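In this note's numbering, the protein residues as written are 712 to 1106.
Here is the structure:
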């Protein structure tokens, strides 16, 4: 189901307050890949899909070519991208589910989805039937959780469907139970954050619709009101944001070409103009976006001086953790749950975002060294905190 290069890291319990942590078993240099990992489950956001961001249903690889994507997002059908060979999307490899016509980047992804969860979630000829229980659940979710999205009910649906299709249901349930668990109070805070202040009625609606569509006896603990809230908190707390973009891959490959200085300047000017047009029409909503559950990544704790960063270089849901500095054996590997911009803000501002979104106070070296700084949050920092709330999941 999920694979990772895990031989050089290990998860350790590091106390009741901090829980688990990820530690190196070997030395890494800056720029080294620490591990690659595929998620247990991943899913495109519901509104992202509705707005025609075409993605592989299994691995979230962008399905539009860079040129197609550019034309749609700029609303300019006349755009022609140079160096089309720099686009890695291969439409000739794409495949569809023969029952419901959902698209995949390859037959391999189609078959993997069918084997793991899609037999349960496939709507067949009912894909456009708004009265189908799964479509009713999806519509209810969209009506509750408007863009910018931070989670999706379909990630939860894929978890349930994975259990339903598994031969060893207890083993799959055990994998999902390994993620960070929350107290009742924390669950309330997470659900509140995802669904808003009046979350009780939406939560009951989602619970009822999920139960009607996907009830599974082996996971009956997930289908009580409290169990469903715990499950919801699990995806809210552990969901890692994923983004894929055929445009960004095309740009990266163009920049790597051997050019004359003059040609390089022309390409850079074209790319700058393209991004200006994209910004005018699509703004910040450029990528295929969604979230996934990763076993190794979820064990990474936060630091305001992280020694590793999460990347998605393959234009799909494969997560690559890269060292930002030298990491010694037995050293804890930490990432940042904050954006690069927010990391440069005051301790007070950072602590506020972390407490609101991730329910903890940071005691990293940077925060401890700034403990006596005044508790001041500028107007600019408050704007950044609002932006941070539109981020894509924690570690």
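We put the CB at the ideal spot given by N, CA and C, even for glycine. Here the structure is a predicted model, which is why all the values come from computation and not from measurement.
Query: DSSP state of residue 791, grouped into three classes?; Result: coil
Query: How close, in whole Å, do the beta carbons of residue 1015 and residue 1061 come, if the pair is a contact with beta carbons under 8 angstroms?; Result: 6 angstroms
Query: Would you check if the distance between the CB atom of residue 950 and the CB atom of residue 861 is smaller than 9 angstroms?; Result: yes
Query: Apply the 10 Å Cβ neighbour rule to residue 762 and answer buried if 16 or more other Cβ atoms are within range, or exposed otherwise.; Result: exposed
Query: Residues in the same chain with beta-carbon distance under 6 angstroms from residue 1043, minus the five sequence neighbours each way, listed in chain order, please.; Result: 732 and 734
Query: Output needed for residue 1029: all residues of its chain with C-beta closer than 8 angstroms, excluding positions within five of it in sequence on either side, in chain order.; Result: 747, 748, 749, 770 and 1023
Query: Where do the ends of the alpha helix (DSSP H) carrying residue 864 lie?; Result: 864 to 876
Query: What first and last residue would you give for the alpha helix (DSSP H) that runs through residue 820?; Result: 818 to 824
Query: Using a Cβ distance threshold of 8 angstroms, determine whether the stretch 825 to 839 contacts the stretch 803 to 816, with at least three qualifying pairs required.; Result: yes
Query: Could you tell me the alpha carbon to alpha carbon distance between residue 1033 and residue 759, rounded to whole angstroms?; Result: 27 angstroms
Query: Compute the Euclidean distance between the alpha carbons of residue 740 and residue 1013, then round it to the nearest angstrom.; Result: 20 angstroms
Query: Mind reading off the beta-carbon distance from residue 999 to residue 954? Whole number of angstroms is fine, and I expect it under 8 angstroms.; Result: 7 angstroms
Query: Pull the bridge partners of residue 1003 from the DSSP assignment, please.; Result: 753 and 951
Query: Got a sec? Which residues, its chain only, sit under 7 angstroms from residue 742 by beta carbon, not counting five neighbours each side?; Result: 1033 and 1034
Query: When you compare only the Cα positions, how much space is there between residue 906 and residue 917?; Result: 11 angstroms
Query: So the alpha helix (DSSP H) residue 1066 belongs to, where does it begin and stop?; Result: 1058 to 1069
Query: Which partner residues of residue 738 appear in the DSSP bridge assignment?; Result: Looking at the DSSP assignment, residue 738 forms no beta bridge with any residue, so it has no partner.
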